[in-house]
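FYI, in the numbering used here the residues of the sequence shown are 1122 to 1355. Glycine is no exception: its CB is placed at the ideal position from the N, C-alpha and C atoms.
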Amino acid sequence: MAQHGKRYNNLKKTLGEKQSTMAINDAVKQVKKLATAKFDESIDIAIKLGVDPRKADQAIRGTVSLPHGIGKTVRVTVVTRNQEAAALAAGADEAGFETILEKIKGGWTDTDVIIATPEVMGELGKLGRILGPRGLMPNPKSGTVTTDVGTAVKEVKAGKIEFRVDKGGNVHSTVGKASFDADKLVDNINMFLMTILRAKPATAKGQYMKSVALSSTMGPSVKLDTAEAVKAHG
């Protein structure tokens, strides 16, 4: 178990020993109060789902466009043979084919998202051992393999993020910054929850959304009222 510092433990005490769940509006206000670091902390959401990720139809993954973005500049690289100009015009940080492939072969992964056109996936797929573990391999399901790189780049830059369930049935994502107005964080969280609820597999049994928690980068987590979330978006 990770050891937390005095500051974290003091913040944890403000929540009490037996933390009750909160409505989304109250949880956002609380987690903003707990973000007391000297930098603008990210606000993250963690959702425990009642799915079995070992089953292909329950290995949830997808994308969501958060209305207010996540508060960071997303670095986008486009791998393409013939749409370099369109990618750069749309705001890609860099675009190309052979030069980028050579950089990745050398271990370079200094980007947040890689978008690729279909014709390069044969070559790019060979670099899965480098890109896969870092979550950078383009995938048609997430919209990062596309013939319209211009639109894809603009969507990512505007706040489109990818999510996927891990082996333990959890989904984690950043939903904004502590400096965001509370209503903007609420908007982003509601959009994320709605997307996850809509992704419920038909084969999932029992309670689907088991728990939801918000936390800042350096602060303790605050539990959301999952019944309220499901009722609002189900």
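Under 7 Å: does the beta carbon of residue i sit that close to some heavy atom of the ligand SAM?
i: residue 1270; result: Here there are no bound small molecules, and the ligand SAM is not part of this structure.
With H, G and I counted as helix, E and B as strand and the rest as coil, what does DSSP make of residue i?
i: residue 1339; result: coil
i: residue 1177; result: helix
i: residue 1172; result: coil
i: residue 1164; result: strand
i: residue 1345; result: strand
i: residue 1236; result: strand
i: residue 1321; result: coil
i: residue 1197; result: strand
i: residue 1298; result: strand
i: residue 1217; result: strand
Roughly how far, in whole angstroms, is the beta-carbon of residue i from the beta-carbon of residue j, given that I think they are within contact range, below 8 Å?
i: residue 1330; j: residue 1168; result: 6 Å
i: residue 1236; j: residue 1194; result: Not quite, the Cβ-Cβ distance comes to about 16 Å (not below 8 Å), so this is no contact.
i: residue 1245; j: residue 1259; result: 7 Å
i: residue 1270; j: residue 1206; result: Going by Cβ atoms, the distance from residue 1270 to residue 1206 rounds to 10 Å, so no, they are not a contact pair.
Identify, in the order they occur along the chain, each residue of the same chain with its Cβ nearer than 8 Å to the Cβ of residue i, setting aside the five sequence neighbours on each side.
i: residue 1214; result: 1196, 1197, 1198, 1232
i: residue 1122; result: In this prediction, residue 1122 has a pLDDT of 41, which is less than 50 and means its spatial position is unreliable; nothing more can be read from the coordinates.
i: residue 1291; result: 1167, 1168, 1169, 1170
i: residue 1347; result: 1142, 1330, 1331, 1332, 1333
i: residue 1242; result: 1259, 1266
i: residue 1162; result: 1156, 1298, 1299, 1337, 1338, 1339, 1340
Among all the DSSP beta bridges, which residues are the ones paired with residue i?
i: residue 1283; result: 1184
i: residue 1203; result: Paired residues: none, contrary to the question.
i: residue 1290; result: Looking at the DSSP assignment, residue 1290 forms no beta bridge with any residue, so it has no partner.
i: residue 1276; result: In the DSSP output, where bridge partners are listed per residue, residue 1276 has none listed.
i: residue 1332; result: 1169
i: residue 1244; result: Residue 1244 pairs with nothing; no bridge assigned.
i: residue 1143; result: 1345
Please work out which residues of its chain come closer than 6 Å, Cβ to Cβ, to residue i, disregarding the five sequence neighbours upstream and downstream, and give them in chain order.
i: residue 1165; result: 1295, 1336
i: residue 1322; result: 1178, 1179
Note down, in chain order, each residue of its chain lying with its Cβ closer than 7 Å to the Cβ of residue i, except the 5 sequence neighbours on either side.
i: residue 1153; result: 1299, 1303
i: residue 1306; result: 1149, 1164, 1296, 1297
Quick check on residue i: buried or exposed, where buried means 16 or more other Cβ atoms within 10 Å of its Cβ?
i: residue 1128; result: Here residue 1128 scores only 48 on pLDDT, less than 50, and its place in the model is too uncertain to base an answer on.
i: residue 1148; result: buried
i: residue 1204; result: buried
i: residue 1189; result: buried
i: residue 1263; result: buried
If we define contact as Cβ-Cβ less than 8 Å, is residue i a contact residue for chain B?
i: residue 1278; result: Absence of chain B from the displayed structure is noted, only one protein chain being present.
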